[in-house]
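>
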Amino acid sequence: MAKKDQQEMSLERRNFCAGTLGLAVLGPLGLAGCGAGAGSTAGAGERTAVQLATTGTARAFVHPGMLHAQADLDRMRTKVAARAQPWLDGWNVLTASAMSQLGQTPNAQTTITRSSTTNNSSILYNDIARTYQSALRWQISGDTRYADQAVAFLNAWAYKLTAINGDTNAALAAGIYGYQFANAAELMRGYAGYAALDFKQFQDMMVSVFYSINHDFLLNHYGANIFHYWANWDQCNLASMLAIGILCDRADIYNEAMSYFQAGGGNGASINAVYYLHPGYMGQWQESGRDQGHCTLGAGLAGAFMEMAWNQGDDMYGYNANRFLAGAEYVAKSNLADANGSYYTMPYTTYQNKDTTQSVFSTASQPNLRPVWEMIYNHYVNRRGIDAPWVAAMAAKLRPESASSGDQLGLGTLTFTRDPIAIGANPSGLTAILVAGQVVLSWWGTVYATSYNVKRSATPGGPYTTVASSIVDPRTCTDSGMAAGTWYYVVTAVTPTGESAPSNEAKVVTATQLHTWLTFDQSSGTTATDATGNGHNATLTNGPLWVAGRSGNAVSLDGADDYLALPTGALADLSDFTVATWVYWNAAQTWTRIFDLGSGTGRYMYLTPRNGAGVVRFATTVDGNYGEQGINGSAALPTGQWVHVAVTLSGTTGTLYVNGVAVGTSTAIAHAPFRLGATMQNWIGRSQYSGDPCFNGKLDDFRIYRGALSAAQVAALAQ
1 MAKKDQQEMS
11 LERRNFCAGT
21 LGLAVLGPLG
31 LAGCGAGAGS
41 TAGAGERTAV
51 QLATTGTARA
61 FVHPGMLHAQ
71 ADLDRMRTKV
81 AARAQPWLDG
91 WNVLTASAMS
101 QLGQTPNAQT
111 TITRSSTTNN
121 SSILYNDIAR
131 TYQSALRWQI
141 SGDTRYADQA
151 VAFLNAWAYK
161 LTAINGDTNA
171 ALAAGIYGYQ
181 FANAAELMRG
191 YAGYAALDFK
201 QFQDMMVSVF
211 YSINHDFLLN
221 HYGANIFHYW
231 ANWDQCNLAS
241 MLAIGILCDR
251 ADIYNEAMSY
261 FQAGGGNGAS
271 INAVYYLHPG
281 YMGQWQESGR
291 DQGHCTLGAG
301 LAGAFMEMAW
311 NQGDDMYGYN
321 ANRFLAGAEY
331 VAKSNLADAN
341 GSYYTMPYTT
351 YQNKDTTQSV
361 FSTASQPNLR
371 PVWEMIYNHY
381 VNRRGIDAPW
391 VAAMAAKLRP
401 ESASSGDQLG
411 LGTLTFTRDP
421 IAIGANPSGL
431 TAILVAGQVV
441 LSWWGTVYAT
451 SYNVKRSATP
461 GGPYTTVASS
471 IVDPRTCTDS
481 GMAAGTWYYV
491 VTAVTPTGES
501 APSNEAKVVT
511 ATQLHTWLTF
521 DQSSGTTATD
531 ATGNGHNATL
541 TNGPLWVAGR
551 SGNAVSLDGA
561 DDYLALPTGA
571 LADLSDFTVA
581 TWVYWNAAQT
591 WTRIFDLGSG
601 TGRYMYLTPR
611 NGAGVVRFAT
621 TVDGNYGEQG
631 INGSAALPTG
641 QWVHVAVTLS
651 GTTGTLYVNG
661 VAVGTSTAIA
671 HAPFRLGATM
681 QNWIGRSQYS
691 GDPCFNGKLD
701 DFRIYRGALS
711 AAQVAALAQ
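Under full-length UniProt numbering, the residue at position 394 of the sequence shown is numbered 394, and the numbers go up by one with no gaps.
What follows is the structure, encoded as structure tokens:
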């Protein structure tokens with residue numbers, strides 16, 4: 001079970017960004033013009049990613065509609081009656097479980113305590129397992145003795161439990177056991193022997209005891225830094241909140257969970273839980289530097305969230321270009337061994353937050369074999385036709401999945417197995433990213449493919465030339481050697497029935513090219529026009545003035561509240577990049593910003609003329625100020641004169657320039673702009689941190705380039 005390794009360290013609130021983040025639905029991988037595909041394109045009648053909804057929105061919930069919809073229960077019943085495999089093996093696991101036998105009585109408590117010193121939570125989770133397994137036996141067999149037993153457990157706890165106490169571990173109990181108990185009750189919904197008043201009592205108990213803790217934890221995190229708690233803490237509370245919303249027909253609770261999953265600040269949100277996407281959609285899990293037990297716990301909890309949302313018509317499985325599948329594939333492969341018995345070497349990028357720095361992949365508790373994989377495998381492979389080789393291998397290894405109590409409900413082979421899909425989906429989600437001058441392509445594969453072909457064209461729509469073939473795993477390719485320009489890619493699959501239709505087309509610009517150019521040569525109005533024609537116009541906010549500049553006009557910021565705002569998603573198509581501008585700083589202020597492009601205090605990249613150490617600094621991060629990857633200069637920018645400043649990134653090598661001369665470099669800048677997602681607060685002259693001063697001075701000729709300018713090119717700009 002997940003436990004906090006240590007008590008809270010000293011609290012730090014600076015990174016808590018719930019109030020400044022805002023809410024937005026991110027595009028696939030946070031990419032746009034550099035070739036983000038939409039993953040599996042939803043067709044008529046298919047689910048799409050839910051748009052963030054406000055509390056109180058009317059909604060008709062599907063019942064039963066959590067982990068098991070009515071069609072799922074019908075399938076289990078039919079397959080078991082026909083003695084079909086592997087459902088029969090899964091049924092035998094259920095009927096052999098000690099928790100599913102008749103003659104058991106509830107052990108309801110007034111208070112459940114889970115802490116580092118006192119823990120009686122096993123009483124609750126064992127009774128939940130008995131309730132769930134009894135309900136499942138009734139649903140499949142029709143034997144009402146099991147239904148009556150399940151109702152007896154539900155009623156005992158509904159009328160007795162009043163509190164979950166303890167230290168911070170109480171949030172784990174409320175989350176893990178909350179979503180499980182709600183699922184057990186959902187299976188009994190509508191049973192003739194379950195009185196409406198009793199069901200209402202259970203609903204009220206779930207809201208007052210479980211949801212109250214779920215809500216408070218996700219809102220406040222016990223006052224800790226927003227990145228302090230591991231992903232599984234958020235994810236269990238999200239699963240509980242979503243389940244309670246469905247159980248109680250509370251759209252406000254359901255929407256609260258959905259909003260946090262899509263745009264919340266903590267580690268359980270989609271883009272934070274799958275911390276880093278390596279080529280081939282290998283999604284490093286937020287806890288991969290900690291241990292494999294908590295990684296598999298997180299994957300199972302997130303999968304439960306996805307499945308419940310799916311049964312309500314919302315495709316969180318496919319959200320952000322199947323980002324969850326990228327994480328599940330990574331976690332599954334992390335716990336599998338090759339034919340020689342050696343565990344696979346996993347790509348890994350350093351993870352750092354306030355409390356920890358993890359520079360290597362953790363093999364602790366490897367392999368961890370939780371019964372959580374059938375649900376994930378059967379969705380992507382047998383429901384959607386998307387290849388998931390490592391998830392498939394893990395599901396096969398554990399089949400039939402065991403019954404469980406504690407962190408998982410188990411029994412996935414019985415409850416989630418689906419007949420194989422007849423035809424796989426076409427390759428999808430193709431992205432083309434410029435990394436150190438080379439094009440790195442990644443895509444999602446298709447069931448039944450034996451290999452993949454990568455094709456390139458100089459014109460959209462083709463004709464295409466095959467540049468790589470016979471690619472099996474991972475589903476990635478690096479292309480180079482072509483002339484600088486704009487290129488278009490597709491991928492096809494080789495299948496037993498022939499070559500598939502192509503994937504989405506991905507576009508990438510390999511030439512160094514202006515992305516945004518604010519000349520500031522206007523003399524009036526509140527819009528600084530993007531001279532490239534790309535539409536990245538900046539809005540003058542709170543009254544910046546048009547004044548004489550270094551060349552033509554410039555914009556003057558008063559240091560009080562003036563700033564400029566670039567459009568949402570302005571960085572979403574940038575990997576290798578250059579930002580360059582002329583700066584006239586009136587008065588030195590620590591932590592003021594030349595630019596700060598991000599989505600609150602969790603994800604951003606900035607340039608300050610003077611940091612706390614008194615030097616110019618560029619930094620980027622996806623997990624707050626403690627996780628910054630930065631470049632420091634040797635001095636602050638001077639005041640009272642025009643200074644040219646620029647920063648470039650090529651691959652993971654960043655360089656900071658002042659007046660055309662390199663003043664700092666780093667080879668460990670892993671968070672290129674597109675990895676920040678569709679940033680919403682792209683500010684010139686203002687910080688993501690509300691306590692930092694606004695810029696006091698003038699700016700001229702603000703440029704963003706696709707690609708890293710050379711040292712000579714930066715020097716030429718400075719002239």
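Every residue, glycine too, gets a C-beta built ideally from N, C-alpha and C.
Using the C-alpha atoms, what's the distance from asparagine 255 back to serine 457?
For the purposes of this step, residue 457 is taken as residue 457 along the sequence shown, with counting starting at 1. For the purposes of this step, residue 255 is taken as residue 255 along the sequence shown, with counting starting at 1. Rounded to whole angstroms, serine 457 to asparagine 255 spans 43 angstroms at the Cα level.
> Taking contact to mean at least 3 C-beta pairs separated by less than 8 angstroms, is the region 378-385 in contact with the region 341-361?
These segments do not touch.
> For aspartate 473, count the other beta carbons within 10 Å of its own beta carbon; 16 or more makes it buried, fewer makes it exposed. Which is it?
Here residue 473 refers to the residue found at position 473 when the sequence shown is read from its first residue. Exposed.
> Hey, could you find the ends of the beta strand (DSSP E) tryptophan 138 is sitting in?
Mapped onto the sequence shown, residue 138 falls at position 138. Careful: tryptophan 138 lies outside any beta strand (DSSP E), inside the alpha helix (DSSP H) at 121-141.
> Is DSSP giving glutamine 149 helix, strand or coil here?
One-based indexing of the sequence shown puts residue 149 at position 149. Correct three-state label for glutamine 149: helix.
> Please work out which residues of its chain come closer than 6 angstroms, Cβ to Cβ, to aspartate 479, disregarding the five sequence neighbours upstream and downstream, and give them in chain order.
Indexing the sequence shown from 1 puts residue 479 at position 479. For aspartate 479, where only same-chain residues beyond five positions count, the Cβ hits under 6 angstroms are Val439 and Val467.
> My parser needs the alpha helix (DSSP H) runs of 4 or more residues fully inside the region 460-494; what are they?
Listed in chain order, nothing qualifies, since the region 460-494 has no complete alpha helix (DSSP H) run of 4 or more residues.
> Is the beta carbon of alanine 678 less than 9 angstroms from the beta carbon of serine 599?
Within the sequence shown, the letter at position 678 stands for residue 678. Within the sequence shown, the letter at position 599 stands for residue 599. A contact, by the Cβ cut-off of 9 angstroms.
> If we count Cβ pairs, one from each stretch, closer than 8 angstroms, do we get three or more for the region 331-340 versus the region 269-280?
Output reads no: the region 269-280 does not touch the region 331-340.
> Is it right to say aspartate 561 is buried, meaning 16 or more other beta carbons lie within 10 angstroms of its own, or is it exposed?
Position 561 of the sequence shown, counting from 1, holds the residue named residue 561. Looking at its Cβ environment, which holds fewer than 16 other Cβ atoms inside 10 Å, aspartate 561 is exposed.
> Secondary structure at aspartate 700, three-state DSSP: helix, strand or coil?
Locating residue 700 in the sequence shown gives position 700, counting from the first residue. Strand.
> With DSSP collapsed to three states, give me the class of threonine 78.
In the sequence shown, counting from the first residue as 1, residue 78 sits at position 78. Threonine 78: helix per DSSP, three-state reduction.
> Nearest by alpha-carbon distance to tyrosine 689: which of Tyr606, Ala195, Leu637 and Val583 is it?
Here residue 689 refers to the residue found at position 689 of the sequence shown. With distances taken between Cα atoms, tyrosine 689 lies closest to Tyr606.
> Within its chain, find whatever has a CB closer than 7 angstroms to the CB of tyrosine 705; leave out the 5 residues flanking it on each side and keep chain order.
To locate residue 705, count along the sequence shown from 1; it is residue 705. Counting only Cβ-Cβ distances below 7 angstroms, and skipping sequence neighbours, we find Thr512, Gln513, Leu514, His515, Phe577 and Thr578.
> With DSSP run on the structure shown, which of helix, strand or coil describes phenylalanine 618?
Counting from one through the sequence shown, the residue named residue 618 turns up at place 618. Strand, per DSSP.
> Could you tell me which of Ala554, Phe181, Leu297 and Trp585 sits nearest to proline 693, measuring between CA atoms?
Position 693 of the sequence shown holds residue 693. Proline 693 has its Cα closest to that of Trp585, out of Ala554, Phe181, Leu297 and Trp585.
> For glycine 410 and phenylalanine 702, what's the separation of their Cα atoms in angstroms?
Your numbering for residue 410 matches position 410 in the sequence shown. Your numbering for residue 702 matches position 702 in the sequence shown. Rounded to whole angstroms, glycine 410 to phenylalanine 702 spans 56 angstroms at the Cα level.
> For tyrosine 330, which three-state DSSP category applies?
Numbered from 1 along the sequence shown, position 330 holds the residue referred to as residue 330. If DSSP states are grouped into helix, strand and coil, tyrosine 330 belongs with the helices.
> Would you mind working out which of Gly533, Lys507 and Leu540 sits nearest serine 523, comparing C-alpha positions?
Within the sequence shown, the letter at position 523 stands for residue 523. Closest option to serine 523, Cα to Cα, is Leu540.
> Excluding five sequence neighbours on each side, which residues of the same chain lie with their C-beta closer than 6 angstroms to the C-beta of methionine 375?
Counting from one through the sequence shown, the residue named residue 375 turns up at place 375. The answer, listed in chain order, is Gly303, Glu307, Gly412 and Phe416.
> If we ignore side chains and look at the alpha-carbon of each, how far apart do tyrosine 125 and glycine 406 end up?
Here residue 125 refers to the residue found at position 125 when the sequence shown is read from its first residue. Here residue 406 refers to the residue found at position 406 when the sequence shown is read from its first residue. Cα to Cα, the separation comes out at about 5 angstroms.
> On the DSSP letters alone, give me the boundaries of the beta strand (DSSP E) that glutamine 681 sits inside.
Working through the sequence shown from its first residue, we reach residue 681 at position 681. Here the beta strand (DSSP E) through glutamine 681 covers 681-684.
> State the start and end residues of the unbroken beta strand (DSSP E) segment that holds glutamine 629.
Locating residue 629 in the sequence shown gives position 629, where the first residue counts as 1. Here the beta strand (DSSP E) through glutamine 629 covers 629-632.
> List, from N- to C-terminal side, the beta strand (DSSP E) runs of 3 residues or more that fit wholly inside the region 391-466.
If we require 3 residues or more, the beta strand (DSSP E) runs fully inside the region 391-466 come out as 428-435, 438-444 and 451-457.
> How would you label residue 758, buried or exposed, when you count the other beta carbons within 10 angstroms and need 16 or more for buried?
There is simply no residue 758 to check, as the chain begins at 1 and stops at 719 in what is shown.
> Measuring only the C-alpha atoms, how far is threonine 492 from alanine 98?
If you number the sequence shown from 1, residue 492 lands on position 492. If you number the sequence shown from 1, residue 98 lands on position 98. If I take the Cα positions, the gap works out to 49 angstroms.
> Between the region 143-152 and the region 177-191, do at least 3 Cβ pairs fall closer than 8 angstroms?
Yes, the region 143-152 is in contact with the region 177-191.
> Residues in the same chain with beta-carbon distance under 6 angstroms from alanine 108, minus the five sequence neighbours each way, listed in chain order, please.
One-based indexing of the sequence shown puts residue 108 at position 108. The residues are Ala156, Trp157 and Lys160.
> Taking only runs of the alpha helix (DSSP H) that begin and end inside the region 205-266, which ones reach a length of at least 4 residues, in chain order?
Within the region 205-266, the complete alpha helix (DSSP H) runs of at least 4 residues are 212-220, 231-247 and 251-263.
> Any idea what DSSP makes of alanine 708, helix, strand or coil?
For the purposes of this step, residue 708 is taken as the residue at position 708 of the sequence shown. Three-state DSSP puts alanine 708 in coil, outside helix and strand.
> Give me the DSSP bridge partner(s) of serine 575.
The residue labelled residue 575 in the question sits at position 575 within the sequence shown. None; serine 575 has no bridge partner.
> So who's on the other strand from glutamate 499, going by DSSP bridges?
Walking along the sequence shown from the start, residue 499 turns up at place 499. Looking at the DSSP assignment, glutamate 499 forms a beta bridge with Val494.
> Does alanine 84 come out as helix, strand or coil in the three-state DSSP assignment?
Residue numbering aside, residue 84 sits at position 84 when the sequence shown is read from its first letter. Coil, per DSSP.
> Compare the C-alpha of glutamine 262 against each of Gln133, Ala711 and Ala321 and name the closest.
Counted from its first residue, the sequence shown places residue 262 at position 262. Nearest C-alpha to glutamine 262: Ala321.
> Compute the Euclidean distance between the alpha carbons of aspartate 402 and valine 207, then round it to the nearest angstrom.
For the purposes of this step, residue 402 is taken as residue 402 along the sequence shown, with counting starting at 1. For the purposes of this step, residue 207 is taken as residue 207 along the sequence shown, with counting starting at 1. For the sequence presented, residue 402 should be read as serine rather than aspartate. Going by the C-alpha atoms only, they are around 30 angstroms apart.
> Please state whether DSSP places lysine 200 in a helix, a strand or coil.
Along the sequence shown, read from residue 1 onward, the residue named residue 200 stands at position 200. Lysine 200 falls in the helix class under three-state DSSP.
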